[in-house]
Amino acid sequence: MTRIRFSVAYDGTDFCGWQRQNQSQKPSVCQTLQDALEKVFQQKISLFASGRTDAGVHALNQVCHFDVDRSEEKLKGWNLSRAISPRLPKSILVKKAWIAPSDFHSTLSPDKKTYRYLILNQQEPSAFLNRYTEWVRHPLNLNFLNECSQYLLGEQDFKCFQSVGSSVAHTVRTIEKAEWIWRKPHIAQFSITGTGFLKQMVRNIVGTQLLIERKGWDSEKMKEIIKKCDRKEAGPPAAPQGLFLLRVYYPLDLDNRCREL
């Protein structure tokens, strides 16, 4: 068996999320990719990813892996992207692929991840950006939002930002960076990097910051909410379409042992 690692970008609008949802009529990104891989290799494929994205959430560099009953010799010079593209919708793009060592695991091996959230901040919505941004009409104060963001940094219990439906051993995570910038005159961008994230954690963080700003509370309200470890104290989740999985980081020794196809 040969382990193949690949990166994939997708527009999550028309999917029920990464994972299959029994109650949804929409396909999942995972199942769509898995079906395409099985057609390419003519064998059963089990696909793993760095994490699950919710319905409507996008990815610029989701990292996946699978094992295939084919020798490395037969895979040399082979282009996974070209082979699988005709079998995928245009909203999913396989970007690069590598032969990975057996101890590489897309779900278990990451050191950290970076997410990006985009907000269209103007008086009128956009017919073209509504799939990729949340629309906020009132002018945003990014200096204030950055004050709120500073309370996210470091190792803390982020239970207040965990949505129901997730079973994890603990809710302590480390956030390395959390920052708001103006990406364009009317597009605000929030970037956050951490060792791991709870279910809907990023959307709940954004929603809470927007609530604090809108209510005119002091930025220290963010610190109080985190300390209480109570989901009811935090704000509602921001809309899914503004969220992007931007990058997944793996240990350098694992990266160096992955050989590009």
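Sequential numbering of the sequence shown, starting at -10, is according to the working numbering. Here a beta-carbon is modelled for each residue, glycine too, at the ideal position from N, C-alpha and C.
By the CB criterion at 7 Å, Lys166 and Thr182 fall inside the cutoff. Of the residues Leu107, Leu129, Asn130, Leu77, the one whose Cα lies closest to the Cα of Arg120 is Leu107. Beyond the five residues adjoining it in sequence on each side, Pro128 comes within less than 8 Å, by CB distance, of Asn110 in the same chain, given in chain order. Taking 7 Å as the cut-off, the beta carbon of Ala89 is found no closer than this to the beta carbon of Arg236. Scanning the region 179 to 248 from its first residue to its last, the whole beta strand (DSSP E) runs of 3-plus residues come out as 232 to 238. Between Asp0 and Ser80, the C-beta gap is smaller than 7 Å, which places the two residues in contact.
Here Asp58 has Met(-10), Gln32 as same chain residues with Cβ atoms under 7 Å from its own Cβ, once five neighbours each way along the sequence are excluded. The DSSP-derived three-state label of Asn110 is strand. In the DSSP assignment, Glu168 is bridged to Ser180.
When the five nearest sequence neighbours on each side are left out, the beta carbons in the same chain lying within less than 6 Å of the beta carbon of Glu249 are those of Trp87, in order along the chain. In the structure shown, Ala158 adopts coil according to DSSP, grouped into three states. Straight-line measurement puts the Cα of Gln23 at about 14 Å from the Cα of Gln51. As far as DSSP is concerned, Gln14 takes part in no beta bridge. Tyr140 sits in a helix when the DSSP states are folded into three classes.
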